[in-house]
Amino acid sequence: MNFNQDVIDKIVNLFKSEVIPAEGCTEPIAIALAAAKAREVLGTEPEHINLILSGNIIKNVKSVFVPNSGNMIGIEVAAAMGALAGDVAQELMVLSKVAPEDMVKVRNFLARGTVSYTKSDNNLKLYIKVKMIAGNQSVSVELKHVHNNITEIIKNGEVQLRINENSATAKLEDDAAILNIKMIYELAKIIDVNLLRPILDKIVSCNTAISVEGLTHDYGVRTGKNIKFSIERGFYGKDARNLSASNAAAASDARMGGSAMPVMTAAGSGNVGLTSSLPVITYCRENNLSEEKLLRGLIFSILASIHIKNNIGRLSAYCGPMCAAGAVSGALVFLNDGDYDMIGKAIINTLSGVSGVFCDGANSSCSVKIANGTYAAFDGAASAMNGNVITPGDGIVAGDVEATIRNIGELARDGMRETDDVILEIMTRK
């Protein structure tokens, strides 16, 4: 497959747009970003903040720790921190400069019952509107489709920004439509890695660092540490499969547990970024593969994750890291010099086994799902390398990898719509 410069430029720009640093879970950070922007436009400390949020935003913020909050959780905390101490210029690192003294002000603000939220009545999966009032001044900021995509700003009834609906749709997802597994496979073999090296180096350094943090300290249910301890005690073998599950899960333990360390996201998700990168990094290091091989493996895994996730949507009832698990299985075959056919079989094997895993919000169980997805990725790759693939027509499996990915997208977008509603209803019961 030949790639002209225009195609390469599009892929490089897509990679740069989709793989960005974020501190904390991206949904509370998106709320904080919108609130920080509203405060900037308002020009003074708000007296009241009202949020209108899509169900998936509520689901993913309700139970997760907000970084630099002193182990506080939830929607109100994210909004107040963004409004009182956020730095909108930092985008998804908006809370990175919050200091302990800022949290005194935030706690006092929250104690007055100044933040409220309701569920939006639109059908958007990723939707945030922040309404902020101070005296006779008011501001509303709308963010939708993508975690840092502000589409409307209104101050005192006057529109300062309004992006029409056609151009406000998820541009990154539209751009990702160029991808397919065959293209990703061919591109990862020949692309000049230096075009992406600065981002790839950050993926390795940032995501490895938060993994070490999760393995060193106690966060959440300590999934990564539990696997590590089991390896040390001889209950598990010390192999790339177990080490990859441990490293990826530990990073999620830390991220969901309130660590303020940044991660390099993929497709709008820190957990997708961690899942798509850390098993590849671990496998390469355990097998003494070259740096170039590692970087090419990351390019494949990240782009394949973006492609699979693009079929599912930014937020859904389908667990995002399972998209990354499918991508990792293909990357493992890629690292073993498997051909396109074998890579496709690995992805099919993995996705067919994990596509029943649903997302019940960002919480401590994410690390468990990531460990399970990592194990499934290794098993799917091993099966494919031994010549095995799930039979076409069995369940959601189609005759090739792209058709299977499309089926899974349909399952996630349409089949799991009611699942999403039921999960949210269960999570918000009084």
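Numbering follows our numbering, in which position 182 of the sequence shown is assigned residue number 653; successive positions increment by one, without gaps.
Backbone N, C-alpha and C define an ideal beta-carbon position, used for all residues, glycine too.
Status (buried if at least 16 other CB within 10 Å, exposed otherwise) for Phe-580
Position 109 of the sequence shown holds residue 580. Classification for Phe-580: buried.
For the stretch 519-565, list the alpha helix (DSSP H) runs that are entirely contained and at least 4 residues long, ordered along the chain.
526-532 and 546-556
Within its chain, find whatever has a CB closer than 8 angstroms to the CB of Lys-481; leave out the 5 residues flanking it on each side and keep chain order.
In the sequence shown, counting from the first residue as 1, residue 481 sits at position 10. Contacts found: Asp-646 and Ile-649.
Where Pro-750 falls, given that 16 or more other Cβ within 10 Å makes a residue buried
Locating residue 750 in the sequence shown gives position 279, counting from the first residue. Buried: at least 16 other Cβ atoms inside 10 Å.
Is the distance from the Cβ of Val-839 to the Cβ of Val-692 below 9 angstroms?
As a position in the sequence shown, residue 839 is number 368, starting the count at 1. As a position in the sequence shown, residue 692 is number 221, starting the count at 1. A contact, by the Cβ cut-off of 9 angstroms.
Ignore the nearest five residues each way along the sequence and tell me which others in Ala-721's own chain have a CB closer than 6 angstroms to its CB.
Walking along the sequence shown from the start, residue 721 turns up at place 250. Same-chain partners within the cutoff: Ser-682, Gly-685, Leu-686 and Gly-695.
In angstroms with no decimal places, state the Cα-to-Cα distance between Ser-567 and Thr-679.
For the purposes of this step, residue 567 is identified with residue 96 of the sequence shown, where counting begins at 1. For the purposes of this step, residue 679 is identified with residue 208 of the sequence shown, where counting begins at 1. In a straight line, the C-alpha of Ser-567 is about 19 angstroms away from that of Thr-679.
As assigned by DSSP and simplified to three states, the class of Pro-792
Within the sequence shown, numbered from 1, the residue matching residue 792 stands at position 321. Helix, per DSSP.
Between which two residues does the alpha helix (DSSP H) containing Ser-823 stretch?
As a first step, residue 823 must be located in the sequence shown, where it is residue number 352. From DSSP, the alpha helix (DSSP H) with Ser-823 extends over 811-825.
Selected residue, minimal CA-CA separation from Gly-827, among Ala-582, Phe-805, Asp-808 and Met-887:
Translated into the one-based positions of the sequence shown, residue 827 becomes position 356. Looking at the Cα atoms, Met-887 is the closest of the given residues.
Going straight from the alpha carbon of Gly-606 to that of Ala-549, what length do you get?
By one-based count along the sequence shown, residue 606 stands at place 135. By one-based count along the sequence shown, residue 549 stands at place 78. Cα to Cα, Gly-606 sits roughly 23 angstroms from Ala-549.
May I ask which residues mark the beginning and end of the alpha helix (DSSP H) holding Arg-756?
As a working note, residue 756 is residue 285 in the sequence shown. Element bounds for Arg-756: 741-757.
Rounded C-alpha distance that separates Ile-491 from Asn-665:
To locate residue 491, count along the sequence shown from 1; it is residue 20. To locate residue 665, count along the sequence shown from 1; it is residue 194. Whole-angstrom Cα-Cα distance: 17 angstroms.
Beta-carbon within less than 8 angstroms of Gly-555's beta-carbon, same chain only, minus the 5 sequence neighbours each way: which residues are those?
For the purposes of this step, residue 555 is taken as the residue at position 84 of the sequence shown. It should be pointed out that residue 555 corresponds to Leu in this sequence rather than to Gly. So the qualifying residues of the chain are Arg-510, Glu-516, Asp-573, Lys-576, Val-577 and Phe-580.
Suppose only complete runs of 3+ residues qualify. What are the beta strand (DSSP E) ranges in the stretch 567-623, listed by chain order?
586-590, 598-605 and 608-615
Measuring only the C-alpha atoms, how far is Thr-746 from Ala-795?
On the sequence shown, position 275 is the one that residue 746 refers to. On the sequence shown, position 324 is the one that residue 795 refers to. Those two C-alpha atoms are separated by around 6 angstroms.
Out of Thr-845, Glu-657 and Ala-883, state which residue places its alpha-carbon closest to the alpha-carbon of Asn-475.
The count along the sequence shown starts at 1 and reaches residue 475 at position 4. It is Glu-657 whose Cα lies nearest to the Cα of Asn-475.
Assuming the contact rule is C-beta atoms closer than 8 angstroms, Ala-855 and Met-813 should be a hit. Round their C-beta distance to whole Å, please.
Working through the sequence shown from its first residue, we reach residue 855 at position 384. Working through the sequence shown from its first residue, we reach residue 813 at position 342. With a Cβ gap of about 5 angstroms, Ala-855 and Met-813 count as contacting.
By Cβ distance below 8 angstroms, which residues in the same chain neighbour Ala-903 in space, the five residues on each side in sequence not counted?
Residue 903 cannot be examined here, being either before or after the span of the chain that is shown, 472 to 901.
Limits of the alpha helix (DSSP H) - the one that Leu-632 falls within:
Here residue 632 refers to the residue found at position 161 of the sequence shown. That residue, Leu-632, is in no alpha helix (DSSP H); its beta strand (DSSP E) goes 629-633.
Output the boundary residues of the alpha helix (DSSP H) element that contains Glu-881.
The residue given as residue 881 occupies position 410 in the sequence shown. Note, Glu-881: alpha helix (DSSP H), 872-881.
Three-pair Cβ contact test at 8 angstroms for the stretch 771-780 versus the stretch 611-629
no
For Glu-494, write down the residues that DSSP places opposite it in a beta bridge.
Start at 1 with the first residue of the sequence shown, and residue 494 comes out as number 23. DSSP output for Glu-494 lists Pro-733 as bridge partner(s).
Let me know the secondary structure DSSP gives Ile-625 once reduced to three states.
Locating residue 625 in the sequence shown gives position 154, where the first residue counts as 1. Of the three classes helix, strand and coil, the one that applies to Ile-625 here is strand, per DSSP.
Under 8 angstroms, with one C-beta from each stretch per pair, do the stretch 709-725 and the stretch 521-532 reach the 3-pair mark?
no
Would you give the residue range spanned by the alpha helix (DSSP H) that Asp-672 belongs to?
For the purposes of this step, residue 672 is taken as the residue at position 201 of the sequence shown. Unbroken alpha helix (DSSP H) run through Asp-672: 668-687.
Closest by CA to Thr-589, which one among Asn-527, Val-610, Asn-542 and Met-472?
Along the sequence shown, one-based indexing puts residue 589 at 118. Answer by Cα proximity: Asn-527.
Does DSSP put Phe-829 in a helix, a strand or coil?
Locating residue 829 in the sequence shown gives position 358, counting from the first residue. Strand.
Thr-845 to Gly-729 span [Cα, whole Å]
Mapped onto the sequence shown, residue 845 falls at position 374. Mapped onto the sequence shown, residue 729 falls at position 258. Roughly 22 angstroms between the two C-alpha positions.
Spatial distance of Ala-659 from Leu-765 (CA atoms)
In the sequence shown, residue 659 corresponds to position 188, counting from 1. In the sequence shown, residue 765 corresponds to position 294, counting from 1. Distance between the alpha carbons of Ala-659 and Leu-765: 11 angstroms.
Tell me which residues share the same chain as Ser-787 and place their Cβ nearer than 8 angstroms to its Cβ, disregarding the 5 neighbours each side in the sequence.
Position 316 of the sequence shown holds residue 787. Closer than 8 angstroms at the Cβ level, and outside the excluded window around Ser-787, lie Asn-527, Lys-596, Cys-830, Ala-883, Arg-884, Met-887 and Asp-891.
Segment limits, alpha helix (DSSP H) that includes Phe-474:
Within the sequence shown, numbered from 1, the residue matching residue 474 stands at position 3. Run containing Phe-474: none; DSSP gives neither H nor E here.
So is the beta-carbon of Ala-848 under 8 angstroms away from any non-hydrogen atom of the ligand MN?
You won't find the ligand MN in this model; it holds no ligand whatsoever.
Assign Asp-480 to one of three DSSP states: helix, strand, or coil.
Indexing the sequence shown from 1 puts residue 480 at position 9. Of the three classes helix, strand and coil, the one that applies to Asp-480 here is helix, per DSSP.
Using 10 angstroms around the beta-carbon of Gly-739, count the other beta-carbons present and answer buried if the total reaches 16, otherwise exposed.
Translated into the one-based positions of the sequence shown, residue 739 becomes position 268. Classification of Gly-739: buried, given that the 10 Å Cβ count is 16 or more.
Name the residue from Ile-819, Met-603 and Val-512 whose alpha carbon lies nearest to the alpha carbon of Ala-551.
Residue mapping note: residue 551 aligns to position 80 of the sequence shown, counting from 1. Among Ile-819, Met-603 and Val-512, the Cα nearest to that of Ala-551 belongs to Met-603.
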